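*Asks:*
Residue numbers (UniProt numbering): 1 to 224.
If you want it as structure tokens, here you go:
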């Protein structure tokens, strides 16, 4: 099955209550923390700059609310994921779903609303604490469990060793920027049902077109 996330399929669909709650929480917390450092969950956030690598800074960037607000307000992106799940309820009914890089928990909640019996969200960022608030506000904490940590280091709760579906918004600028693909493949190989497991999305396409800035070329090269 092709679970490609298409950016042309959402139409003019209104924001769902779940999405509105997530946006409200992000906006409220941004206001509270205006001009101050945002709270973190534990001392693991304390790290000396010389001990950090680019991935550390990448994951830390997702602890800040502005980036989540930007993603949630991208209706084409967010509602396409929602439609891919709610219009395929038969695939999600009574299934165990793993949401990788869960952020505010929006995809976890879509999966729960689509009928999943258990959803596990994993994220390395301290945004997980706020995601828990959003999930509780939507009365979904009995279905969704959140874990903070690296995908390669965590274990799934309650002895779960296999999941039926993996959902993730791992794509970044120029498709591969966000460095998440290796983690997705790791989780797929470790936890996804080998017979009938599904990835949402399971296919991506990258289109590249060469362009030329004639004015810039004339100014910098052709003048010689």
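Using N, Cα and C, we set each Cβ at its ideal position, and we do this for glycine too.
Remember, it's a predicted structure, so these values are computed and weren't measured experimentally.
Apart from the five residues just before and just after residue 186, which ones in its own chain have a Cβ nearer than 7 Å to its Cβ?
*Replies:* Position 186 of the chain shown, counted from the start, is the residue given in the question as residue 186. Correct list, in chain order: 151, 152.
*Asks:* Taking the alpha carbon of residue 112 as the reference point, which residue from 88, 125, 128 has its own alpha carbon closest?
*Replies:* Taking the chain shown and counting its residues from 1, the one referred to as residue 112 is at position 112. Nearest C-alpha to residue 112: 88.
*Asks:* Please state the DSSP three-state secondary structure of residue 183.
*Replies:* Counted from its first residue, the chain shown places residue 183 at position 183. The answer is helix: DSSP assigns residue 183 an H, G or I state.
*Asks:* Could you say which of 142, 143, 149, 116 lies nearest to residue 103 if we only look at CA atoms?
*Replies:* Counted from its first residue, the chain shown places residue 103 at position 103. Answer by Cα proximity: 149.
*Asks:* Between residue 140 and the rest of its own chain, which residues show a CB-CB distance below 7 Å, the 5 nearest in sequence each way excluded?
*Replies:* Position 140 of the chain shown, counted from the first residue, corresponds to residue 140. For residue 140, where only same-chain residues beyond five positions count, the Cβ hits under 7 Å are 109, 112.
*Asks:* Alpha carbon to alpha carbon, what distance is there between residue 219 and residue 121?
*Replies:* Stepping through the chain shown from its first residue, residue 121 is reached at position 121. Stepping through the chain shown from its first residue, residue 219 is reached at position 219. Using only the alpha carbons, I get a separation of about 51 Å.
*Asks:* Under the rule that 16 or more other beta-carbon atoms within 10 Å means buried, what is residue 146, buried or exposed?
*Replies:* Your numbering for residue 146 matches position 146 in the chain shown. Per the 10 Å Cβ criterion, buried.
*Asks:* Could you give the C-beta distance for residue 163 and residue 98, rounded to a whole number, given that I count them as a contact under 8 Å?
*Replies:* Position 163 of the chain shown holds residue 163. Position 98 of the chain shown holds residue 98. Correct: roughly 4 Å between the Cβ atoms.
*Asks:* Classify residue 118: buried if its beta carbon has 16 or more other beta carbons within 10 angstroms, exposed otherwise.
*Replies:* Here residue 118 is taken as the residue at index 118 of the chain shown, counted from 1. By the neighbour-count rule (16 or more Cβ atoms within 10 Å), residue 118 is buried.
*Asks:* Is it right to say residue 214 is buried, meaning 16 or more other beta carbons lie within 10 angstroms of its own, or is it exposed?
*Replies:* As a first step, residue 214 is located in the chain shown; it is residue number 214 there, counting from the start. Exposed, since its Cβ has fewer than 16 Cβ neighbours within 10 Å.
*Asks:* So the beta strand (DSSP E) residue 97 belongs to, where does it begin and stop?
*Replies:* The count along the chain shown starts at 1 and reaches residue 97 at position 97. Element bounds for residue 97: 96 to 100.
*Asks:* Go to residue 129, then tell me how far its alpha helix (DSSP H) extends in each direction, as first and last residue.
*Replies:* On the chain shown, residue 129 is found 129 positions in, with the first residue counted as 1. Residues 128 to 137.
*Asks:* Whether or not the stretch 124 to 137 and the stretch 165 to 181 are in contact is what I'm after, with contact meaning three or more pairs of Cβ atoms, one per stretch, closer than 8 Å; do they touch?
*Replies:* Touching, no, given that fewer than three Cβ pairs across the two stretches are closer than 8 Å.
*Asks:* By DSSP's criteria, residue 145 is part of a beta bridge. Which residues make up the other side?
*Replies:* For the purposes of this step, residue 145 is taken as residue 145 along the chain shown, with counting starting at 1. Partner(s): 120.
*Asks:* Is it the case that the Cβ atoms of residue 79 and residue 198 are separated by a distance below 8 Å?
*Replies:* Along the chain shown, one-based indexing puts residue 79 at 79. Along the chain shown, one-based indexing puts residue 198 at 198. Contact flag unset, no.
*Asks:* Pick helix, strand or coil for residue 48, following the three-state DSSP scheme.
*Replies:* Position 48 of the chain shown, counted from the start, is the residue given in the question as residue 48. With a pLDDT of 38 at residue 48, under the threshold of 50, the modelled position of that residue is not reliable, and the figure given next carries that caveat. Note: residue 48 maps to coil in three-state DSSP.
*Asks:* Distance, Cα to Cα, residue 81 vs residue 114?
*Replies:* The residue labelled residue 81 in the question sits at position 81 within the chain shown. The residue labelled residue 114 in the question sits at position 114 within the chain shown. So the alpha carbons of these two residues sit roughly 11 Å apart.
*Asks:* Residue 155 to residue 142, Cα distance in whole Å?
*Replies:* In the chain shown, counting from the first residue as 1, residue 155 sits at position 155. In the chain shown, counting from the first residue as 1, residue 142 sits at position 142. Taking the straight line joining both Cα atoms gives about 19 Å.
*Asks:* How far does the alpha helix (DSSP H) with residue 106 in it extend, from its first residue to its last?
*Replies:* Taking the first residue of the chain shown as position 1, residue 106 is located at position 106. Residue 106 -> alpha helix (DSSP H) spans 106 to 113.
*Asks:* With a threshold of 6 Å on Cβ separation, who are the neighbours of residue 160 within its own chain once the five nearest residues in sequence on each side are excluded?
*Replies:* Taking the chain shown and counting its residues from 1, the one referred to as residue 160 is at position 160. Here the set comprises nothing.
*Asks:* In angstroms, rounded to a whole number, what distance separates the CA positions of residue 123 and residue 76?
*Replies:* Working through the chain shown from its first residue, we reach residue 123 at position 123. Working through the chain shown from its first residue, we reach residue 76 at position 76. Cα to Cα, the separation comes out at about 23 Å.
*Asks:* Could you have a look at residue 172 and say whether DSSP puts it in helix, strand or coil?
*Replies:* Mapped onto the chain shown, residue 172 falls at position 172. Of the three classes helix, strand and coil, the one that applies to residue 172 here is strand, per DSSP.
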